[in-house]
Structure formats: structure tokens, C-alpha cells
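**Student:**
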Amino acid sequence: MPDDFERMWADLAPVGRSASSGGYFRQPFTSPERELAVWFEEQCVARGLRIEGDDFGNVVGWWDTGSGPAVVTGSHLDSVLDGGAYDGPLGVVSAFAAIDLMRARGVVPTRPVGVSVFVEEEGSRFGLACLGSRLATGAISWSDARELRDRDGVALGDVVPGGSSSLLAAVGTFVELHVEQGRDLVDRGEAVGVASEIWPHGRYRFDFTGAANHAGTTRMEDRADPMLTYAMTVLAANKQARLAGQRATFGRVSVEPNGTNAVPSRVTAWLDARCSTDAALASLVEVISGQASDRASRDDTSLVVTAESVSSSVAFDPVLAAAVATDHEGGDWPIIATQAGHDAGILCAAGIPTAMLFVRNPTGISHSPLEQASIADCLVGVSALADTLERLAR
């Protein structure tokens, strides 16, 4: 089975890869991501899996064996802008490899097994993370989602027909394998782990408004410069997150008119905040917003904060997590929390029993071309996923 995994991984490696950075640009419903969608269907056909899609672009390849509630695994194939190779695709490739391994072992599940791909997990094009799984579970309506627009003004409704989804109707359990986005497993010296929870997190748009003016002739004391308010807000977010032991990041910013020799009229920035509890998240965003508003009053600028998406904390079923993590020949797998959002969290919040497996990332770096995982650890992950599917599909 190692050859199958490495062959599939080699198939994906060049798709959507930047020649300059080595990172990936696989935004949903663009050519690279659609090429991967075709690859997924080819892998399903090669294994005799029945392909079922919904009106939003989500797909499941079904191994129609047995009966009753299905066990589904998989992940996503889209990437952040200039992202790493493993975030998402590792879960999809590992799912196919796990089925290959189960068949090689002579395993015939008594329940159907599916391999899934959810679209727009990263939110890198239409701005809402886990969009495909939110639509599949009904966490967001099509009437709302269809109006989401990318940076070029293209609406989601212009690129996908929309409508409804019944993909998850027969799903009894979902298991997502994912590269770890951190160093917990490295510090523990373990190749694989199991998720206990997902931290609550949100994306917030900060609209700073001032007055455009000449960079040379406008005295410093006469300016209403939103860039100053924004800059202070970035520093405040960093300080407050550090003090609270939480996470706050301004990773995207847009400036108008964006001229070298002009005081900006408007700065739009997006805050990503993640905390250990829902209360801590609300408190952190409130403190940052309050300090930003205070600064805006001193800078003669204005500020509007909009919560574009907020996901509450997700606690995976501890009984299911323990069933996945314990009683293995090499010892129990560690059960760890994650600060990253996943489709697994959306399905769990929708009431589907859900578990996650993590594969060690030697650097802990993610959402970057430097994201890594060794082939040896990936193969341990494939074996762990096959063991898990075998247990759950019996």
C-alpha cells in the first residue's frame, strides 16, 4: 500500500503549485481545484466506488458494502492562498489508501464506507470557512450563501447551481484525518493523535474610515488617517491575545485608494480570533474592538466591526474519541485539542458522531509552503485510519 499512497501524492503535487514560492493556489471552482475534483472521481472509479454529489460541489465516493448508518471519512482539496500541500489533501489521499489497505487485509465492512470531499473548507475565495460542509448540514442556507462574493465580485451563485444536499442523510459516523497544525504530537513524540475539541474561532471585518489627502502637503496634525488606527489595532490585538493566552491575527488588509503618496481614505482589515472558550473569544474581540474605537476617536477616524463568521467550541464525543484512540498494539494514541477549524467540527455540531485523527507535522507550520509531514508518518496515519474505519464499520 505504500506505493499507492506515494503514487497518489505524486499525482497531486504539481496541481496549483506556485513556481516561485512552492505554495498552492487551489481556490474553489478554479481550474486547479476542479482538476483535483476530476482526479477524485477518477480514484473513485478505479476503486469501484459509487459517486454521489450534491448541488454545492460536495462529493462522496461510496463503498457500498453492508447496510445501516454509513461511516464516512475524507477532507477537502482546496487550499489557502499560497498554502501547504498537506492541509486537506492528506485526508483525502489517506482515505483512498485506507480503503486499499482494508481490502488488502480482506476486510469487508458491515456498514457502507464513504470518502468525501467538501468544497471551500478554507474560505479562501468566498470568505466563509467550511462553506461546503455548512451547506451540506444546513448550517447556512443557500439563499444566504449564494450572495457570498469573492475578491473580484463574483457571487457563489454564479459558479455553482445550489439547491439542496442529501449527502449526509445516511451518515452515522464521520472521521477526518488531517495533518496537525501545531507541534503537540512533535512534543509528545507521537506520529498520530486523536482530537478532543476544536477551539471557538471567528472572522471579523474591521472597516476603518478616514479622509484621503496629500501625503506631502497635509500636516500630520491635520490628518484623519485610518492606517494609524488600523496599525494600533494590530498591536492591540497582539498584546491582548498574548496577555490572555489566546490567538489573534490580522492576516488580510485592503487599503483605499492604495497610493504611495496619499493618506488613505479607508482601511479594511480582517481579524482571525481563536480562544479556549466561547466566553474568552467574546471577551478578546470586545477588548480589541474597544481599544480600536478609542484610538479611532483620537485619530478623527471611524470604525465599524462586523462578525463575518463565528464558530462556537466543538467538543468531540469523548466515548468515540476513546474508542478510536485506545487498545492499539503500539499503545494508546494521545487525545489532543486543536485550535484550527475543520469540516469535522461542522458535522459534529450538526449532531453527527465525529472523530478526528492527526498526523504529526515536524515543524508545526501550516497554511504555508513550509507545511510538512514525512511519508513514514503519513503511512502510520493511513494504517490508523484503516484501523479506525474497520472498528467503526463493523
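Per the UniProt record's numbering: the sequence shown = residues 1 to 394.
Where is the CB? At the ideal position from N, CA and C, for every residue including glycine.
#1: Might you give, ordered along the chain, the residues of its own chain that have their beta carbon closer than 6 angstroms to the beta carbon of residue 16, omitting 5 neighbours on each side?
#2: For residue 174 and residue 267, which I take to be in contact (beta-carbon distance under 8 angstroms), what is that distance rounded to the nearest angstrom?
#3: By DSSP, does residue 137 sit in helix, in strand, or in coil?
#4: Let's test the definition: count the other Cβ atoms within 10 Å of the Cβ of residue 141 and tell me whether it reaches 16, buried, or not, exposed.
#5: Is it right to say residue 200 is buried, meaning 16 or more other beta carbons lie within 10 angstroms of its own, or is it exposed?
#6: According to DSSP, is residue 272 helix, strand or coil?
#7: Using the C-alpha atoms, what's the distance from residue 111 back to residue 392?
#8: Just to confirm, are residue 171 and residue 355 a CB contact at a threshold of 9 angstroms?
#9: Are the beta-carbon atoms belonging to residue 206 and residue 131 less than 9 angstroms from one another?
#10: Is the beta carbon of residue 135 sitting closer than 9 angstroms to the one on residue 56?
#11: Please list, in chain order, all residues of the same chain as residue 237 whose beta carbon is under 7 angstroms from its beta carbon, the five residues on each side excluded.
#12: For a test of your reading of the model: does the CB of residue 181 fall under 8 angstroms from any non-hydrogen atom of the ligand NAP? Yes or no.
#13: Can you give, in chain order, each stretch of the beta strand (DSSP E) that sits fully within the segment 20-81 and has at least 3 residues?
#14: Reducing DSSP to helix, strand and coil, say where residue 168 ends up.
#15: Starting from residue 193, follow the beta strand (DSSP E) in both directions and report where the run begins and ends.
#16: Taking only three categories from DSSP, how would you classify residue 208?
#17: Grab the span of the alpha helix (DSSP H) containing residue 96 for me, first residue to last.
#18: In the DSSP output, which residue or residues are listed as bridge partners for residue 248?
#19: So, are the CB atoms of residue 182 and residue 339 less than 9 angstroms apart?
#20: Taking contact to mean 3 or more Cβ pairs, one atom from each stretch, closer than 8 angstroms, check whether the segment 90-107 and the segment 65-80 are in contact.
#21: Per DSSP, what kind of secondary structure is residue 233 in: helix, strand or coil?
#22: Following the continuous alpha helix (DSSP H) through residue 392, name the residue where it begins and the one where it ends.
#23: Taking only three categories from DSSP, how would you classify residue 365?
#24: Taking the alpha-carbon of residue 8 as reference, which of 180, 146, 46 has the nearest alpha-carbon?
#25: Which residue wins for smallest C-alpha separation from residue 341, given the options 273, 374, 389?
#26: Can you tell me which of the three DSSP states residue 360 falls into?
#27: As a quick exercise: from 164, 79, 211, 129, pick the residue whose alpha carbon is nearest that of residue 148.
#28: Would residue 366 count as contacting chain D if we go by Cβ distances under 9 angstroms?
#29: For the segment 161-171 against the segment 288-305, are there 3 or more C-beta pairs whose distance is under 8 angstroms?
#30: How about residue 300 and residue 348: are their beta carbons less than 9 angstroms apart?
#31: Residue 38: which of 108, 257, 117 sits nearest, CA to CA?
#32: Give the DSSP bridge partners of residue 174, in chain order.
#33: In three-state terms, what does DSSP make of residue 125?
#34: In three-state DSSP terms, what is residue 324?
#35: Nearest-angstrom Cα distance between residue 85 and residue 6?
**Tutor:** According to the structure shown:
#1: On the sequence shown, position 16 is the one that residue 16 refers to. Answer for residue 16: 24, 25, 26, 32, listed in chain order.
#2: The sequence position of residue 174 within the sequence shown is 174, counting from 1. The sequence position of residue 267 within the sequence shown is 267, counting from 1. Contact doesn't hold; Cβ gap of about 40 angstroms is too wide.
#3: Translated into positions along the sequence shown, residue 137 becomes position 137. Residue state, collapsed to three classes: helix.
#4: Taking the sequence shown and counting its residues from 1, the one referred to as residue 141 is at position 141. With fewer than 16 other Cβ atoms within 10 Å, it is exposed.
#5: Against the sequence shown, residue 200 aligns to sequence position 200. So residue 200 counts as buried.
#6: The sequence position of residue 272 within the sequence shown is 272, counting from 1. Three-state DSSP puts residue 272 in a strand.
#7: Taking the sequence shown and counting its residues from 1, one reaches residue 392 at position 392. Taking the sequence shown and counting its residues from 1, one reaches residue 111 at position 111. Rounded to whole angstroms, residue 392 to residue 111 spans 8 angstroms at the Cα level.
#8: By 1-based counting over the sequence shown, the position of residue 171 is 171. By 1-based counting over the sequence shown, the position of residue 355 is 355. Contact: no.
#9: To locate residue 206, count along the sequence shown from 1; it is residue 206. To locate residue 131, count along the sequence shown from 1; it is residue 131. Cβ atoms of residue 206 and residue 131: not closer than 9 angstroms.
#10: Mapped onto the sequence shown, residue 135 falls at position 135. Mapped onto the sequence shown, residue 56 falls at position 56. Taking 9 angstroms as the Cβ cut-off, residue 135 and residue 56 qualify as a contacting pair.
#11: Position 237 of the sequence shown, counted from the start, is the residue given in the question as residue 237. Cβ within range, chain order: 248, 250, 271, 288.
#12: Questions concerning the ligand NAP fall outside what the structure shown contains, since it holds no ligand whatsoever.
#13: 50-53, 59-63, 70-75
#14: Start at 1 with the first residue of the sequence shown, and residue 168 comes out as number 168. Residue state, collapsed to three classes: coil.
#15: If you number the sequence shown from 1, residue 193 lands on position 193. Where residue 193 is concerned, the enclosing beta strand (DSSP E) stretches over 192-198.
#16: Residue numbering aside, residue 208 sits at position 208 when the sequence shown is read from its first letter. Looking at residue 208 - three-state DSSP - the assignment turns out to be strand.
#17: Looking up residue 96 in the sequence shown gives position 96. Unbroken alpha helix (DSSP H) run through residue 96: 89-104.
#18: By one-based count along the sequence shown, residue 248 stands at place 248. BP columns for residue 248 point to 273.
#19: Reading the sequence shown from its first residue, position 182 is the one you call residue 182. Reading the sequence shown from its first residue, position 339 is the one you call residue 339. A contact, by the Cβ cut-off of 9 angstroms.
#20: yes
#21: Numbered from 1 along the sequence shown, position 233 holds the residue referred to as residue 233. Note: residue 233 maps to helix in three-state DSSP.
#22: Residue 392 sits at position 392 when you count from the first residue of the sequence shown. First-last of the alpha helix (DSSP H) with residue 392: 375-392.
#23: Residue 365 sits at position 365 when you count from the first residue of the sequence shown. Of the three classes helix, strand and coil, the one that applies to residue 365 here is coil, per DSSP.
#24: Along the sequence shown, read from residue 1 onward, the residue named residue 8 stands at position 8. Nearest C-alpha to residue 8: 46.
#25: Along the sequence shown, read from residue 1 onward, the residue named residue 341 stands at position 341. Residue 273 is the option with its Cα nearest to residue 341.
#26: Here the question's residue 360 lines up with position 360 in the sequence shown. The answer is coil: DSSP assigns residue 360 none of H, G, I, E or B.
#27: Residue numbering aside, residue 148 sits at position 148 when the sequence shown is read from its first letter. Taking only the C-alpha atoms, the option nearest residue 148 is 129.
#28: Although the question refers to chain D, the structure presented lacks it and comprises just one protein chain.
#29: no
#30: Taking the first residue of the sequence shown as 1, we reach residue 300 at position 300. Taking the first residue of the sequence shown as 1, we reach residue 348 at position 348. Against a cut-off of 9 angstroms, the Cβ pair of residue 348 and residue 300 comes out as no contact.
#31: Translated into the one-based positions of the sequence shown, residue 38 becomes position 38. It is 117.
#32: For the purposes of this step, residue 174 is identified with residue 174 of the sequence shown, where counting begins at 1. 72, 354, per the DSSP bridge assignment.
#33: Sequence index remark: in the sequence shown, residue 125 carries index 125 (1-based). Correct three-state label for residue 125: coil.
#34: One-based indexing of the sequence shown puts residue 324 at position 324. Helix.
#35: For this step, residue 85 is matched to residue 85 along the sequence shown. For this step, residue 6 is matched to residue 6 along the sequence shown. Looking at the two C-alpha atoms, the distance is approximately 13 angstroms.
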